[in-house]
Amino acid sequence: MSASSAAGPGVTPGPVRRGRLRRTLDRHWYAWAMVAPTIFVLGALVLYPLVRGVLQSFTNLTETNQRAEVCSKTLGGAQSCTPNPDRWHWVGLHNYTDLLTGERGHFWLLLGNTVVWTVACVLLHYLIGLGLAVVLNRNFRGRSLYRVLLIVPWAVPAFVSAFAWKFLFNPKFGLINSILVNLGLDPVEWFNHRWTAMFAAVATNVWLGVPFMMVAILGGLQSIPSELYEAAEMDGTSPWQRFRHVTLPGLRPVSSTVILLGTIWTFNMFPIIYFVTGGQPAGETEILVTGSYRAAFEGLRNYSLAATYGVLILALLVVYAAAYRRALKSKGEVW
Amino acid sequence: MRRTLPGLTGLAAVALVLSACGGGGTTAASSDTPDHASLKATLTWWDTSDPTNEGPAFKELIKRFNAEYPNVKINYQSVPFGEAQNKFKTAAEAGEGAPDILRAEVAWVPEFAAAGHLYALDGSDVLTKNHYLDTALSSDVYNGKTYGVPQVTDTLGLMYNKKLFKEAGITEAPATWADVKADAKLLKQKAHVDGIYLNSGGYFMLPFMYGEGGDLVDTDTKTIEVASKANKDGIRIAQDLVKSGAAPKPDANDSYGTMMTLFKEGKVGMVINGPWEVANISKDPKFGGFDNLGIAPVPAGSQGAGAPVGGHNYVVYSGMDEKKADAATAFLEFMTSPESEAFIADKLGLLPTNEAAYDLIKDNERVTAWKSALDVAKARPWIPEGGLFFGPLDEMATKVLVQGADVDKTLDQTAAKYKADVVPEYDLP
Numbered sequence: 001m002s003a004s005s006a007a008g009p010g011v012t013p014g015p016v017r018r019g020r021l022r023r024t025l026d027r028h029w030y031a032w033a034m035v036a037p038t039i040f041v042l043g044a045l046v047l048y049p050l051v052r053g054v055l056q057s058f059t060n061l062t063e064t065n066q067r068a069e070v071c072s073k074t075l076g077g078a079q080s081c082t083p084n085p086d087r088w089h090w091v092g093l094h095n096y097t098d099l100l101t102g103e104r105g106h107f108w109l110l111l112g113n114t115v116v117w118t119v120a121c122v123l124l125h126y127l128i129g130l131g132l133a134v135v136l137n138r139n140f141r142g143r144s145l146y147r148v149l150l151i152v153p154w155a156v157p158a159f160v161s162a163f164a165w166k167f168l169f170n171p172k173f174g175l176i177n178s179i180l181v182n183l184g185l186d187p188v189e190w191f192n193h194r195w196t197a198m199f200a201a202v203a204t205n206v207w208l209g210v211p212f213m214m215v216a217i218l219g220g221l222q223s224i225p226s227e228l229y230e231a232a233e234m235d236g237t238s239p240w241q242r243f244r245h246v247t248l249p250g251l252r253p254v255s256s257t258v259i260l261l262g263t264i265w266t267f268n269m270f271p272i273i274y275f276v277t278g279g280q281p282a283g284e285t286e287i288l289v290t291g292s293y294r295a296a297f298e299g300l301r302n303y304s305l306a307a308t309y310g311v312l313i314l315a316l317l318v319v320y321a322a323a324y325r326r327a328l329k330s331k332g333e334v335w
Numbered sequence: 001m002r003r004t005l006p007g008l009t010g011l012a013a014v015a016l017v018l019s020a021c022g023g024g025g026t027t028a029a030s031s032d033t034p035d036h037a038s039l040k041a042t043l044t045w046w047d048t049s050d051p052t053n054e055g056p057a058f059k060e061l062i063k064r065f066n067a068e069y070p071n072v073k074i075n076y077q078s079v080p081f082g083e084a085q086n087k088f089k090t091a092a093e094a095g096e097g098a099p100d101i102l103r104a105e106v107a108w109v110p111e112f113a114a115a116g117h118l119y120a121l122d123g124s125d126v127l128t129k130n131h132y133l134d135t136a137l138s139s140d141v142y143n144g145k146t147y148g149v150p151q152v153t154d155t156l157g158l159m160y161n162k163k164l165f166k167e168a169g170i171t172e173a174p175a176t177w178a179d180v181k182a183d184a185k186l187l188k189q190k191a192h193v194d195g196i197y198l199n200s201g202g203y204f205m206l207p208f209m210y211g212e213g214g215d216l217v218d219t220d221t222k223t224i225e226v227a228s229k230a231n232k233d234g235i236r237i238a239q240d241l242v243k244s245g246a247a248p249k250p251d252a253n254d255s256y257g258t259m260m261t262l263f264k265e266g267k268v269g270m271v272i273n274g275p276w277e278v279a280n281i282s283k284d285p286k287f288g289g290f291d292n293l294g295i296a297p298v299p300a301g302s303q304g305a306g307a308p309v310g311g312h313n314y315v316v317y318s319g320m321d322e323k324k325a326d327a328a329t330a331f332l333e334f335m336t337s338p339e340s341e342a343f344i345a346d347k348l349g350l351l352p353t354n355e356a357a358y359d360l361i362k363d364n365e366r367v368t369a370w371k372s373a374l375d376v377a378k379a380r381p382w383i384p385e386g387g388l389f390f391g392p393l394d395e396m397a398t399k400v401l402v403q404g405a406d407v408d409k410t411l412d413q414t415a416a417k418y419k420a421d422v423v424p425e426y427d428l429p
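Heads up: the sequence lines are chains L and C, in that order. First residue of the first sequence: 1, per the UniProt record's numbering; consecutive thereafter. First residue of the second sequence: 1, per the UniProt record's numbering; consecutive thereafter.
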């Protein structure tokens with residue numbers, strides 16, 4: 001495509017602008033050529049679906065009303081097509097008001113679950129990962145073996161761990177309840193109550209997610225210059241003081257990134273909830289992404305409702321990321 | 001010789017049936033027989049049956065089919081039941097990757113047909129030559145056209161452990177839910193096991209609703225009836241079984257699996273389940289074989305007994321090349337012929353859909369035991385939204401049975417959900 005046609009016939013640029021455009025194109029054409037594939041791929045893979053999803057959330061599009069006409073074929077060649085009387089149409093903010101007022105689905109329940117799930121998982125991931133990283137950062141025998149062992153959960157596919165943990169938590173045949181009984185405690189009906197079911201899911205996800213945090217924080221720990229510790233030691237600080245005033249500030253760049261990443265991942269962590277609790281009991285542990293999945297793929301596919309969930313999830317995460325960045329900025333962090 | 005013998009008998013049997021059909025039968029048979037070899041096609045079949053228990057029997061049938069139709073290649077693909085519905089829809093909407101023939105659950109057919117994914121089979125041999133049970137065929141009919149043929153029909157019944165019943169001194173299967181409650185008490189006292197395990201799935205609540213004369217929706221008047229008084233009464237009976245201790249409290253997650261494990265291990269006396277589990281239960285060494293398995297119709301409520309009709313159908317994808325049509329209908333005709341269905345019934349204990357098949361399996365107790373259960377079976381409302389009924393029902397069952405929620409309130413919520421999510425154009429009464 002030549003440069004002149006890229007400017008487009010629709011625009012009516014003045015002579016000055018056209019000149020400037022041509023000049024930049026002349027001078028930087030190779031740069032544009034370099035980024036063009038990226039822009040094209042991003043547009044096709046990210047921008048187009050995103051825009052389409054947002055548009056769909058303003059319609060009542062489902063599997064049944066997407067076609068302009070419904071055709072029915074009979075073996076032997078006969079085919080009859082009738083115009084679809086329920087063709088999809090624009091409904092404005094209808095989907096959003098339905099979801100947000102609880103007319104359809106359980107948006108607020110799901111949001112509450114998602115927040116609890118995300119906060120609990122990320123907090124435990126971070127704290128346990130930090131603890132393990134600090135331990136592994138010292139010199140002791142077999143350190144590399146421990147490192148490898150602690151990474152194992154990360155290497156196991158998420159759904160495998162999910163099934164394994166689901167079985168461990170099985171109220172009648174699971175290992176966890178038999179341990180409880182052997183300790184003289186009452187068995188717990190893990191999936192019959194909202195919070196015990198949530199606990200089971202969080203435990204699974206913590207097991208899965210800690211290795212990543214551990215490795216990331218370990219990397220951060222090793223980047224803190226040892227001179228700082230030596231200097232602090234010379235000043236007669238206690239280990240706790242060194243941890244608070246050297247380690248934690250030194251970890252801040254790593255921590256801020258992994259917490260943001262962890263939050264977004266956990267927020268959208270589909271397989272654990274779906275496979276471990278299955279939303280039980282009675283949908284009380286469903287989170288936003290599993291709710292969106294059920295709208296989109298269970299029974300008749302409700303594309304518009306699923307898109308609405310998707311837009312709301314995206315909006316929440318964008319707001320969160322912006323707020324998070326702002327909070328970091330106010331502490332002098334730049335990224 | 002050993003290999004060809006079953007094929008030959010099958011051929012002879014088919015010829016017999018064809019001639020027995022009467023009317024134009026003789027001419028059809030004579031013109032059909034030489035045709036068999038001239039049919040040439042490759043058909044992809046997605047089988048959703050259990051690949052280890054049931055799959056081998058269906059593959060064996062394909063071998064027999066090929067003995068008759070040597071030039072029709074069946075590309076057999078086992079697709080997990082839980083994934084098949086979405087997989088098929090995705091492929092059909094994309095216009096590629098869908099199989100020519102699919103084994104579809106009964107509730108899927110109206111849904112696929114409404115979306116235009118299926119060929120109507122009206123007028124083809126398979127419908128005119130085979131005679132299917134009316135209730136089984138009912139799920140294939142949508143808007144006056146027939147979009148498939150039934151492969152297997154099933155229903156729910158009461159399955160019980162004969163040995164435990166003997167230990168408890170119970171002589172015959174309970175006929176009403178009140179009997180179930182009384183028998184459960186005996187089982188607990190004398191056999192020291194739980195009476196009945198009610199799994200918290202919505203489908204398994206239907207006998208309680210039907211027993212009081214209830215239903216989910218009325219398709220004629222377009223009303224949502226899930227919160228009717230009859231249904232509430234029925235669900236109260238179910239809840240009472242759990243609250244009174246006749247049934248242990250089910251687990252919210254994977255209660256079906258728990259039910260089967262407990263029943264097979266002889267830790268619970270009765271379950272409500274279907275013929276598809278007969279082979280599985282009889283095979284389990286802990287259970288004590290088929291001889292130990294009692295099968296009875298579902299217990300009755302105040303309006304009599306009623307169980308939902310389930311099962312699977314063969315459907316033909318509308319994107320299939322029209323040229324393959326003859327081969328496809330020949331395949332369906334063969335698979336649902338009385339002989340093939342009798343073979344499957346013998347092997348797996350599944351209930352045939354072809355009326356003539358029942359004559360061939362008169363001595364098969366595993367199947368005839370279900371005949372009485374099948375007699376009280378009730379067709380479900382076959383509408384495209386049928387598959388959506390069960391999400392809210394599952395939720396209701398969990399709330400009522402596991403969490404002990406108030407029946408009236410929970411069913412009212414279910415009705416509201418039907419209005420919002422399932423059949424918005426229907427009226428609440």
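Ideal placement from N, C-alpha and C gives every residue a C-beta, glycine not left out.
Residue of the options minimising C-alpha distance to residue i
i, options, result
"C:THR146", "C:THR153, C:LEU401, C:TYR132, C:LEU158", "C:TYR132"
"C:PRO174", "C:ALA397, C:GLU83, C:PRO297", "C:PRO297"
"C:LEU428", "C:ASP218, C:GLU93, C:ALA113, C:VAL72", "C:ASP218"
"C:ASP154", "C:HIS192, C:VAL309, C:ALA107", "C:VAL309"
"residue 447 of chain C", "C:ALA330, C:LEU262, C:LEU293", "No information on residue 447 of chain C is available, as it lies outside the stretch 1 to 429 that chain C covers here."
"C:TYR76", "C:TYR69, C:ILE62, C:PRO70", "C:ILE62"
"L:VAL206", "L:ILE224, L:ALA327, L:THR118, L:TYR324", "L:THR118"
"L:TRP289", "L:SER238, L:LEU109, L:SER161", "Before going further, note that residue 289 of chain L is Val rather than Trp in the sequence given. The candidate whose alpha carbon is nearest that of L:VAL289 is L:LEU109."
"C:ILE409", "C:ILE235, C:GLU105, C:TYR358", "In the sequence as presented, Ile is not what sits at residue 409 of chain C; that position holds Lys. Considering only alpha carbons, the answer is C:ILE235."
"L:GLU286", "L:ASN177, L:VAL156, L:ARG194", "L:ARG194"
"C:GLY169", "C:ALA182, C:ALA373, C:TYR142, C:SER318", "C:ALA182"
Neighbour flag for residue i against chain L, beta carbons, 7 angstroms
i, result
"C:LEU428", "no"
"C:VAL402", "yes"
"C:PRO424", "no"
"residue 439 of chain C", "This structure does not reach residue 439 of chain C, given that chain C is present from 1 up to 429, and the question cannot be answered."
"C:ASN273", "no"
"C:SER124", "yes"
"C:GLN413", "no"
"C:TYR119", "yes"
Supposed close pair residue i, residue j - CB separation, criterion 8 angstroms
i, j, result
"C:LEU350", "C:PRO275", "6 angstroms"
"L:LEU300", "C:LEU388", "6 angstroms"
"C:PRO248", "C:TYR197", "6 angstroms"
"C:ILE74", "C:LEU43", "6 angstroms"
"C:PHE208", "C:ALA246", "Not confirmed; about 13 angstroms, so no contact."
Chain C within 7 angstroms of residue i, Cβ atoms only
i, result
"L:GLU103", "yes"
"L:PRO171", "yes"
"L:GLY283", "yes"
"residue 343 of chain L", "Absent from the model: residue 343 of chain L. The displayed extent of chain L is 1 to 335, so no value can be given."
"L:SER5", "The pLDDT assigned to L:SER5 is 43, lower than 50, so where the model puts this residue is not dependable, and the model offers no usable value."
"L:ASN192", "yes"
"L:THR74", "yes"
"L:VAL70", "yes"
At 4 residues or longer, and completely inside the region 126-162 of chain L: list those alpha helix (DSSP H) runs for me, N to C.
Correct list: 143-155.
Using 8 angstroms as the Cβ pair cut-off and three pairs as the minimum, do the region 288-295 of chain L and the region 235-252 of chain L touch?
As far as the Cβ criterion goes, the region 288-295 of chain L does not touch the region 235-252 of chain L, which means the pair count is below three.
I'd like the ranges of any beta strand (DSSP E) spanning at least 3 consecutive residues and lying wholly in the region 80-139 of chain C.
Taking only runs of at least 3 residues, the beta strand (DSSP E) segments lying wholly in the region 80-139 of chain C are 101-105.
Using 8 angstroms as the threshold, is the region 112-131 of chain L in touch with the region 256-268 of chain L, meaning 3 or more CB pairs across them?
With the cut-off at 8 angstroms, the region 112-131 of chain L and the region 256-268 of chain L touch.
What alpha helix (DSSP H) runs, 4 residues minimum, are completely inside the region 22-89 of chain L?
Every unbroken stretch of the alpha helix (DSSP H) spanning 4 or more residues and falling wholly within the region 22-89 of chain L is given here in chain order: 48-56.
Three-pair Cβ contact test at 8 angstroms for the region 299-312 of chain C versus the region 155-168 of chain C:
Yes, since at least three Cβ pairs between the region 299-312 of chain C and the region 155-168 of chain C fall closer than 8 angstroms, the two stretches touch.
Can we say the region 129-141 of chain L touches the region 213-227 of chain L, given the rule of at least three CB pairs closer than 8 angstroms?
Short answer: they touch.
Examine the Cβ distances between the region 329-346 of chain C and the region 242-260 of chain C and report whether three or more of them are shorter than 8 angstroms.
The region 329-346 of chain C vs the region 242-260 of chain C: no contact.
Ignoring anything shorter than 3 residues or poking outside the region 246-288 of chain C, list the beta strand (DSSP E) runs there in chain order.
Counting only runs of 3 or more, we get 268-273.
Can you confirm whether the region 268-283 of chain C touches the region 346-364 of chain C when touching is taken to mean that 3 or more C-beta pairs between the two stretches lie within less than 8 angstroms?
Yes, since at least three Cβ pairs between the region 346-364 of chain C and the region 268-283 of chain C fall closer than 8 angstroms, the two stretches touch.
Segment contact flag, the region 373-388 of chain C with the region 104-115 of chain C, C-beta cutoff 8 angstroms, min 3 pairs
Verdict: yes, contact present.
Report yes or no: do the region 92-105 of chain C and the region 42-56 of chain C share at least 3 C-beta pairs separated by less than 8 angstroms?
The region 92-105 of chain C, when compared against the region 42-56 of chain C, does touch it at the 8 angstroms Cβ threshold.
Check whether the region 324-333 of chain L and the region 79-99 of chain L are in contact - that is, three or more C-beta pairs closer than 8 angstroms.
Look at the beta carbons and you see the region 324-333 of chain L not touching the region 79-99 of chain L: under three pairs across the two are nearer than 8 angstroms.
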